[in-house]
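Novice: For the sequence shown, the numbering used here assigns the number 188 to the initial residue and increments by one for each residue that follows.
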Amino acid sequence: MEIRIALSLAVIATALGGCDSARASGQARMSVPACEVGRIVDGDTFYCADGRKVRLIGIDSPELRQGESGRIARGALGRFLQGGRVRLETDVSRRDRWGRTLAYAWSGGRLVNEAMVREGWAVLYTVPPDVKYAGRLERAQSEARARRAGLWESGGFDCLPSQYRRRRCVSGP
Numbered sequence: 188m189e190i191r192i193a194l195s196l197a198v199i200a201t202a203l204g205g206c207d208s209a210r211a212s213g214q215a216r217m218s219v220p221a222c223e224v225g226r227i228v229d230g231d232t233f234y235c236a237d238g239r240k241v242r243l244i245g246i247d248s249p250e251l252r253q254g255e256s257g258r259i260a261r262g263a264l265g266r267f268l269q270g271g272r273v274r275l276e277t278d279v280s281r282r283d284r285w286g287r288t289l290a291y292a293w294s295g296g297r298l299v300n301e302a303m304v305r306e307g308w309a310v311l312y313t314v315p316p317d318v319k320y321a322g323r324l325e326r327a328q329s330e331a332r333a334r335r336a337g338l339w340e341s342g343g344f345d346c347l348p349s350q351y352r353r354r355r356c357v358s359g360p
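1) Which residues in the same chain have their Cβ closer than 6 Å to the Cβ of residue 269, if we skip the five residues on either side of it in sequence?
2) Can you confirm whether the stretch 300 to 308 touches the stretch 270 to 287 when touching is taken to mean that 3 or more C-beta pairs between the two stretches lie within less than 8 Å?
3) Do you know how far the Cα of residue 333 is from the Cα of residue 229?
4) How big is the Cα-Cα spacing for residue 265 and residue 231?
5) Could you have a look at residue 291 and say whether DSSP puts it in helix, strand or coil?
6) Can you tell me whether residue 306 is helix, strand or coil according to DSSP?
7) Could you say which of 267, 242, 239, 288 lies nearest to residue 298 if we only look at CA atoms?
8) What is the rounded straight-line gap between the Cα of residue 331 and the Cα of residue 346?
9) Using only CA atoms, which one of 253, 218, 243, 241 lies nearest to residue 353?
10) Can you look up residue 254 in the DSSP assignment and give me helix, strand or coil?
11) Looking at residue 241 and residue 313, is the spacing between their C-beta atoms short of 7 Å?
12) What separation, rounded to the nearest whole angstrom, lies between the Cα atoms of residue 260 and residue 243?
13) Give me, in chain order, the residues of the same chain whose beta-carbon lies closer than 8 Å to that of residue 338; leave out the 5 immediate sequence neighbours on both sides.
14) Using a Cβ-Cβ cutoff of less than 8 Å, which residues in the same chain neighbour residue 286 once the five nearest sequence positions on both sides are dropped?
15) Take residue 319 as the anchor and find which of 301, 234, 237 has the nearest alpha-carbon.
16) For residue 332, report the span of its alpha helix (DSSP H) as first-last.
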């Protein structure tokens with residue numbers, strides 16, 4: 188009988204502990220002030236008019252130094268951010284080591300991060316613990332590759348941005 192009571196208490200304590208951690212992680216994901224879009228840096232980074240630099244979570248686009256692919260990706264992000272105002276949503280981390288705001292950007296009800304991947308202008312690039320939409324982004328990438336959308340058609344991802352930054356491949360003009 189005492190064993191049953193002890194086990195029941197352990198199960199209840201575990202369940203309550205899980206509720207607290209779920210609530211805590213839910214609180215970590217919140218919106219930051221809306222952003223009036225300023226300058227587009229590249230296909231995964233832009234400035235808000237108030238000076239905040241925003242790095243889109245979960246995606247990676249070609250660097251501008253990678254030539255035409257980088258310029259095309261920057262133009263695509265500019266088109267998705269048209270309208271000028273976006274809602275930013277953070278995940279677990281609010282900033283990266285360079286001080287940029289890490290966010291998912293929403294424009295007109297559309298997750299811009301996902302749209303960039305789905306249209307083939309960026310690839311999936313997850314950095315735990317910021318993985319809230321990783322499943323959506325992974326599905327979007329699979330669809331883009333299958334359709335040979337965007338840069339998948341032209342070979343723009345033959346040298347992935349992360350590989351290029353580590354000098355593991357060469358691409359550019």
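Glycine included, each C-beta is placed from N, C-alpha and C at the ideal position. These numbers were taken from a predicted model, which means no experiment stands behind them.
Specialist: In terms of the structure at hand:
1) Contacts found: none.
2) By the Cβ criterion, the stretch 270 to 287 is not in contact with the stretch 300 to 308, since fewer than three pairs of Cβ atoms, one from each stretch, lie closer than 8 Å.
3) Rounded to whole angstroms, residue 229 to residue 333 spans 25 Å at the Cα level.
4) Whole-angstrom Cα-Cα distance: 10 Å.
5) Residue 291: strand per DSSP, three-state reduction.
6) Residue 306: coil per DSSP, three-state reduction.
7) For the residues 267, 242, 239, 288, the minimum Cα distance to residue 298 belongs to 267.
8) Taking the CA atoms as reference points, residue 331 sits about 17 Å from residue 346.
9) Comparing Cα-Cα distances from residue 353 to each of 253, 218, 243, 241, the minimum goes to 253.
10) Note: residue 254 maps to coil in three-state DSSP.
11) Cβ distance not < 7 Å, so residue 313 and residue 241 don't count as in contact.
12) So the alpha carbons of these two residues sit roughly 13 Å apart.
13) Once the five neighbours on either side are set aside, the close Cβ partners of residue 338 are 249, 256, 259, 260, 307, 308, 344.
14) For residue 286, where only same-chain residues beyond five positions count, the Cβ hits under 8 Å are 240.
15) Nearest option by C-alpha distance: 301.
16) Per DSSP, residue 332 belongs to the alpha helix (DSSP H) from 321 to 334.
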